[in-house]
Amino acid sequence: MREIINQNFNRDLISIIIPTLNEADNIQEAIISSQIGSHIEIIIVDGGSKDETLSIAKSLDVKVMISPPGRANQMNMGAMVASGEILVFLHADTRLPTNFEQMIRTTLAKPGIVAGAFTLRINAPDWGLRLVEFGVKWRSHLWQMPYGDQAIFLTKDVFQRVGNFPQIPIMEDFELMRKLKALGKIHLLPTPVITSPRRWLKKGIIQTTLWNQIIVIAYLIGISPTQICNWYSSSKL
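In terms of the numbering used here, the sequence shown has 37 at position 35, counting the first letter as 1, and numbering is strictly consecutive.
Put into structure tokens, the structure is as follows:
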């Protein structure tokens, strides 16, 4: 199966995979911001939305798929059917910058780089969010650890070499980055993607940031992703 997929790559095409679950308020803008690029394929992989997400996506001339819920499941399914040589994993509440496709292609053409992501810009004026952005930029540069809300991109071949996203309910982007670091450099582009502030504003910037750090530490010390996911869900972040 893997060999067949490899043979069908379109080397001029970028496949943008957007996992969704009840994203009616965001999905149209996410799709439109992605369609400004050239040689782009957009794949929406829905995990069981009960709102208008699917009808909005279908009206915008993109590929729409239904998947079992879970971001890792959804992104892996999208990658499996993607026609492009380059994969971009985009959150539904995140917007790509102008000329993103040229920046992605240029980055992945550089020797030693196996993947990349964008700098994070959170779409709200709160000074606390500027500190969050600074921390994300520091982490991404120093530890080679961008997360999913920074629009991770890589070639389909590299994605298959590391075994896709692990089938875990949380921290799938963290684990993918750890595997990629063993293959080469992960490059952070200085141009930002723009993401929604909803996670930080719902529970508060400090509380959300602390929760994020607790989750990472818990994962690193061996607490199961299922248990961590239960904590995360009960926190209602």
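Quick reminder that beta carbons are idealized off the backbone N, C-alpha and C, glycines included.
- With contacts defined as CB atoms closer than 8 Å, Asp151 and His189 fail to qualify as a contacting pair.
- Contact check for Ile19 against Val116 fails: the beta carbons are separated by 8 Å or more.
- Under the three-state reduction of DSSP output, Val83 falls in the helix class.
- Counting along the chain, Lys65 sits inside the beta strand (DSSP E) bounded by residues Lys65 to Ile68.
- The three-state reading of DSSP puts Ser17 in strand, counting E and B together.
- Of the candidates Arg73, Ala32, Arg107 and Val64, Val64 places its Cα closest to the Cα of Glu43.
- In this structure, the beta-carbon distance from Ala32 to Arg123 does not fall below 8 Å.
- The beta carbons of Asp48 and Ala26 sit no closer together than 8 Å.
- Take the alpha-carbon of Arg107 and the one of Pro99: they are about 14 Å apart.
- Distance from Leu191 to Met105 at the Cβ level is roughly 6 Å; contact confirmed, criterion being Cβ atoms closer than 8 Å.
- A residue is called buried once 16 or more other Cβ atoms fall within 10 Å of its Cβ, and Asp128, having fewer, is exposed.
- Residue environment for Leu56: buried (at least 16 other C-beta atoms within 10 angstroms of its C-beta).
- Following the DSSP letters along the chain, one finds Ile58 inside the alpha helix (DSSP H) bounded by residues Thr55 to Lys60.
- The DSSP-derived three-state label of Ala74 is helix.
- In the DSSP annotation of this structure, the continuous segment of the alpha helix (DSSP H) that includes Glu31 starts and ends at Ile29 to Gln37.
- Going by DSSP, Val164 is part of no alpha helix (DSSP H) at all; its letter is neither H nor E.
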